[in-house]
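Here's the structure we're looking at; comments come further down.
Protein chains: 2
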Amino acid sequence: MKGKVRIVDVAKKAGVSVTTVSQILNGKGSRFSQETQERVRQVRDELGYVPDFNARNLIVGSAKTIGIIIPNIANPFFSTFVRGVETAAQAGDFIPLILSGDGNPDLERQYVEQLIQRTVDGLIIASPSVDQATIDHFLKANQIPYLLIDQNPIDEGDRVSTDDFEGAKMAVSHLLALGHKKIAMLSCYNPALNQKQRLEGYKAQLLEAGLEVNEQLIIESSLDKKGGYNASEAVIKTGASAVFTVNDEMAIGLYRGLGEHGLKIPTDISIVGYDNIDLAEYVSPKLTTVSQPVFKMGQVAFKLLLDRINNPHAPAQRVKLPVELVIRDSSQRYYGQ
Amino acid sequence: MKGKVRIVDVAKKAGVSVTTVSQILNGKGSRFSQETQERVRQVRDELGYVPDFNARNLIVGSAKTIGIIIPNIANPFFSTFVRGVETAAQAGDFIPLILSGDGNPDLERQYVEQLIQRTVDGLIIASPSVDQATIDHFLKANQIPYLLIDQNPIDEGDRVSTDDFEGAKMAVSHLLALGHKKIAMLSCYNPALNQKQRLEGYKAQLLEAGLEVNEQLIIESSLDKKGGYNASEAVIKTGASAVFTVNDEMAIGLYRGLGEHGLKIPTDISIVGYDNIDLAEYVSPKLTTVSQPVFKMGQVAFKLLLDRINNPHAPAQRVKLPVELVIRDSSQRYYGQ
DNA sequence: TTGAAAGCGCTAACAG
DNA sequence: CTGTTAGCGCTTTCAA
């Protein structure tokens, strides 16, 4: 079908010039006679001509491709996010090039480079480990539009985020309303901007309630199930009656760890997670958590990036999406004193 | 989007010709003086120059890209598989183009077409809905190497799979050994080859044990958590003392559904899943399941594809990876009569 | 040791 | 209505 059929072959066989073929096949051939148009299209089909993408891109400058760099596609948060981007991209006739950088800055730098090489029209970077140097060096130098997600505020560009501060406040406020006074927070190492804001929200809400912030109650661990599991003992030691975890994955790890120590949720300890991954309503007890519109975030991210591609000098856009507390069965009234 | 750093920019700044830059940066510059080589590389770094892939590819031919089509990247099985491919691809300096076709044949056909246009060197198709016509029309006609995963046996090409038949036998054998006699199977609609073989394994093992295969005990539902959840009542109605589910996601849905009906796992009913997703040891009770080397499967898939790309006429390779039964807490001895 | 020049296959001004 | 002519950014002879 493809093989070696080039535009000249079509042109020759149809008895016209390459321009004619090019224009007609690119939908810009209204000025040509109906007859010529038909003939060209017919020869195209006959020969099975398919334009060479590389040659075409070289001229047009756009590959209709965007790059997405995330830490790990196996993480539900990111895969949902990617699905959102994908959906929007597909509607805009773009193809997303998805790469998992695994939190490895070297690999990520390499990926950024490879994506630029492939003349992506823009980049969505959702990995906190891509650093400013890489961005300045490659993206700015090459004038590639990009969008950072959940990143430290190292840049003044477009941004889509969810209201992490408010989300954390809602979670803590819920626990306070249930009568909990000693509320632990399970946070992570090297928190990115969004995680920092959840931490701030936690503290702010406690202060608003007239309680003190006790740093002993803030535990750090890795952001996955294992991290939650490993933190179980530390959490138990705090003697808190409730825990707010910085994401659902950790909460699920905590479920297991607490269970192994003979603690019942929510009877012995209440838990509120963050993310509302689809698993949250399948664990037992169903997890109370803060829901972020992750899929929508992906869609908005693509839209913002596309706007930026089409209009490089427009003022930066910032979209902050609202979050929502989903109350399920892992949080319960505190009956202690 | 111009303003990209081009090879001439590097050449000018380094005070050499574009040829010199090209040769040096492509590792063919041994004939140039050490000093020139250093200088060129340094200027490259300074400017953040990245060669344009389209221009390069136009000349060189290979895009060092493979396409991967899967149903849904948010499914843990596929995301793990993709991670495996990704890892192997990265080592081979290839970039994977990942697309979720969502089980939509039209969309998938469109993706196949787009991937071919992008001159991918090969394709891994892990979606059961890509049909033979699409394959013949696009892949064979364009002589693009491809690899099918978990697909119906519509082709004689390379293949990587796991031993589904044996895996199912192991699961059922385990339940039989625990004294279960009435074992239901939770299967799926329109099973693909791998799922069919699990069904066959289930039947075969029952027959080997001298039991009859009762079609009433075979329930069909969709392959996700919701599918498992929705099938709960049907499962309960069978009166089986144990269930073998065709994947872990469904098992987790079943956990919830059975729980809502007041049934305890494994006291009232034993469950064995399939896949050993990382969640399996975080649910309560921890799920007994069949472990497939999914990540490795991804790696092998890339390797086979690469072999095929490099050697289009070599005989087909078939790799079948072994599976393993992981016994946890969701299966228990049956004390009924 | 180096560089000038010839394309790769295609699109798009600009003439007819 | 149609064709001529320049490139796009890069690699690769081939000559200096």
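Read top to bottom, the protein sequences are chains Z and D.
Per the working numbering, the very first residue in the first sequence carries number 1; after that it's consecutive.
Per the working numbering, the very first residue in the second sequence carries number 1001; after that it's consecutive.
We treat Cβ as the ideally placed atom computed from N, Cα and C, and that holds for glycine.
Contacts of Val82 of chain Z in chain D (Cβ-Cβ under 7 Å):
One-based indexing of the first sequence puts residue 82 of chain Z at position 82. Here the neighbours are Ile1073.
Work out the CA separation of Ile1098 of chain D and Ile98 of chain Z for me, nearest whole Å.
Locating residue 98 of chain Z in the first sequence gives position 98, counting from the first residue. Locating residue 1098 of chain D in the second sequence gives position 98, counting from the first residue. Each residue's alpha carbon lies about 6 Å from the other.
Compare the C-alpha of Val1005 of chain D against each of Z:Val43, Z:Ser30 and Z:Glu113 and name the closest.
Working through the second sequence from its first residue, we reach residue 1005 of chain D at position 5. Among Z:Val43, Z:Ser30 and Z:Glu113, the Cα nearest to that of Val1005 of chain D belongs to Z:Glu113.
Return yes when the Cβ of Leu1223 of chain D is within less than 8 Å of the Cβ of Met1250 of chain D, no when it is not.
Counting from 1 along the second sequence, the entry for residue 1250 of chain D is found at position 250. Counting from 1 along the second sequence, the entry for residue 1223 of chain D is found at position 223. In this structure, Leu1223 of chain D lies closer than 8 Å to Met1250 of chain D by Cβ.
Starting from the N-terminal side, write out each stretch of the beta strand (DSSP E) that is 3 residues or longer and does not extend beyond the segment 162–227 of chain Z.
For the segment 162–227 of chain Z, whole beta strand (DSSP E) runs of length 3 or above, ordered along the chain, are 183–188 and 218–221.
Which residues, taken in chain order from the segment 99–127 of chain Z, show a beta carbon closer than 8 Å to some beta carbon of chain D?
Leu99, Ser100, Leu107, Glu113, Gln114, Ile116, Gln117, Arg118, Thr119 and Asp121
Is the separation between the beta-carbon of Ile1069 of chain D and that of Gly1101 of chain D shorter than 8 Å?
Locating residue 1069 of chain D in the second sequence gives position 69, where the first residue counts as 1. Locating residue 1101 of chain D in the second sequence gives position 101, where the first residue counts as 1. Closer than 8 Å, so yes.
Have a look at the DSSP bridge pairing and note the partners of Ala251 of chain Z.
Numbered from 1 along the first sequence, position 251 holds the residue referred to as residue 251 of chain Z. None; Ala251 of chain Z has no bridge partner.
Cβ-based neighbour list, Arg39 of chain Z, same chain, cut-off 7 Å, excluding 5 preceding and 5 following
Sequence index remark: in the first sequence, residue 39 of chain Z carries index 39 (1-based). So the list reads Ala14, once near-sequence residues are dropped.
Any C-beta of chain Z under 8 Å from that of Asp1009 of chain D
Within the second sequence, residue 1009 of chain D is the residue found at index 9, counting from 1. Judged by the 8 Å Cβ criterion, Asp1009 of chain D is not in contact with chain Z.
Could you give the uninterrupted runs of the beta strand (DSSP E) lying entirely in the segment 1283–1329 of chain D, keeping only those of 3 residues or more?
1288–1291, 1318–1321 and 1324–1326
Can you give me, in chain order, the residues of the segment 1037–1065 of chain D that have a beta carbon less than 7 Å from any beta carbon in chain Z?
Leu1047, Gly1048, Val1050, Pro1051, Asp1052, Phe1053, Asn1054, Ala1055, Asn1057 and Leu1058
Looking at chain Z, is there any beta carbon in it that lies within less than 8 Å of the beta carbon of Val1326 of chain D?
The count along the second sequence starts at 1 and reaches residue 1326 of chain D at position 326. Chain Z, which has no Cβ nearer than 8 Å to the Cβ of Val1326 of chain D, makes this no.
My guess is that Val1050 of chain D and Asn142 of chain Z are in contact by the Cβ rule of under 8 Å, so how many angstroms apart are they, rounded?
Position 50 of the second sequence, counted from the start, is the residue given in the question as residue 1050 of chain D. Position 142 of the first sequence, counted from the start, is the residue given in the question as residue 142 of chain Z. With a Cβ gap of about 7 Å, Val1050 of chain D and Asn142 of chain Z count as contacting.
Contact residues within the segment 1240–1271 of chain D, judged by C-beta distance below 8 Å to chain Z:
So the list reads Ile1252, Gly1253, Tyr1255, Arg1256 and Gly1259, given in the order they occur along the chain.
Excluding the 5 residues preceding and the 5 following Met1001 of chain D in the sequence, name in chain order all residues of the same chain whose CB lies nearer than 6 Å to its CB.
The sequence position of residue 1001 of chain D within the second sequence is 1, counting from 1. Note that Met1001 of chain D scores a pLDDT of 30, beneath 50, so its modelled location is shaky; the value from the coordinates is reported in the next line. So no residue of the chain qualifies.
Output needed for Ala301 of chain Z: all residues of its chain with C-beta closer than 7 Å, excluding positions within five of it in sequence on either side, in chain order.
Counting from one through the first sequence, the residue named residue 301 of chain Z turns up at place 301. Contacts found: Val85, Ile124, Leu147, Ile149 and Val160.
On the DSSP letters alone, give me the boundaries of the beta strand (DSSP E) that Val272 of chain Z sits inside.
Reading the first sequence from its first residue, position 272 is the one you call residue 272 of chain Z. From DSSP, the beta strand (DSSP E) with Val272 of chain Z extends over Ser270 to Asp275.
Counting only beta-carbon separations shorter than 8 Å, does Ser330 of chain Z have a partner in chain D?
Position 330 of the first sequence, counted from the first residue, corresponds to residue 330 of chain Z. Under the 8 Å criterion on CB atoms, Ser330 of chain Z is classed as non-interfacial with respect to chain D.
Is any beta-carbon of chain Z found at less than 8 Å from that of Ile1095 of chain D?
Here residue 1095 of chain D refers to the residue found at position 95 when the second sequence is read from its first residue. So, interface residue.
Cutoff 8 Å: Val1018 of chain D Cβ touching any chain Z Cβ:
Numbered from its first residue, the second sequence carries residue 1018 of chain D at position 18. Not one chain Z Cβ lies under 8 Å of Val1018 of chain D.
Straight-line Cα distance separating Arg1109 of chain D from Ser1033 of chain D:
Sequence index remark: in the second sequence, residue 1033 of chain D carries index 33 (1-based). Sequence index remark: in the second sequence, residue 1109 of chain D carries index 109 (1-based). Cα to Cα, the separation comes out at about 51 Å.
Ser1100 of chain D, enclosing beta strand (DSSP E) - first and last residue:
Taking the first residue of the second sequence as 1, we reach residue 1100 of chain D at position 100. Counting along the chain, the beta strand (DSSP E) containing Ser1100 of chain D begins and ends at Ile1095 to Ser1100.
If you drop the 5 nearest sequence neighbours on each side, which residues of the same chain put their C-beta closer than 7 Å to that of Tyr255 of chain Z?
Taking the first sequence and counting its residues from 1, the one referred to as residue 255 of chain Z is at position 255. The answer, listed in chain order, is Ile265 and Val283.
Is any beta-carbon of chain D found at less than 8 Å from that of Lys2 of chain Z?
Residue mapping note: residue 2 of chain Z aligns to position 2 of the first sequence, counting from 1. For Lys2 of chain Z, the predicted structure reports a pLDDT of 43, less than 50, and the residue's modelled location is therefore unreliable. A value from the coordinates is still provided. Yes, Lys2 of chain Z lies at the interface with chain D (some Cβ there is under 8 Å from its Cβ).
Selection of the segment 210–241 of chain Z by Cβ proximity to chain D, strictly under 7 Å:
Lys225
For the alpha helix (DSSP H) holding Phe111 of chain Z, just list the boundary residues, first then last.
Position 111 of the first sequence, counted from the first residue, corresponds to residue 111 of chain Z. The question names Phe, but residue 111 of chain Z is Tyr in the sequence shown. Unbroken alpha helix (DSSP H) run through Tyr111 of chain Z: Pro105 to Gln117.
Three-pair Cβ contact test at 8 Å for the segment 1187–1204 of chain D versus the segment 1164–1176 of chain D
Per the Cβ contact rule, the segment 1187–1204 of chain D is in contact with the segment 1164–1176 of chain D (3 or more Cβ pairs under 8 Å).
Closer than 8 Å, CB to CB, is Asp158 of chain Z near chain D or not?
What you label residue 158 of chain Z is simply residue 158 of the first sequence in a count that begins at 1. Judged by the 8 Å Cβ criterion, Asp158 of chain Z is not in contact with chain D.
Taking the beta carbon of Arg333 of chain Z as the centre, do at least 16 other beta carbons fall within 10 Å, making it buried, or is it exposed?
Mapped onto the first sequence, residue 333 of chain Z falls at position 333. With fewer than 16 Cβ atoms within 10 Å of its Cβ, Arg333 of chain Z is classed as exposed.
By the criterion of Cβ-Cβ separation under 7 Å, what are the contact partners of Ala141 of chain Z in chain D?
Walking along the first sequence from the start, residue 141 of chain Z turns up at place 141. Within 7 Å Cβ-Cβ: Val1005, Leu1047 and Gly1048.
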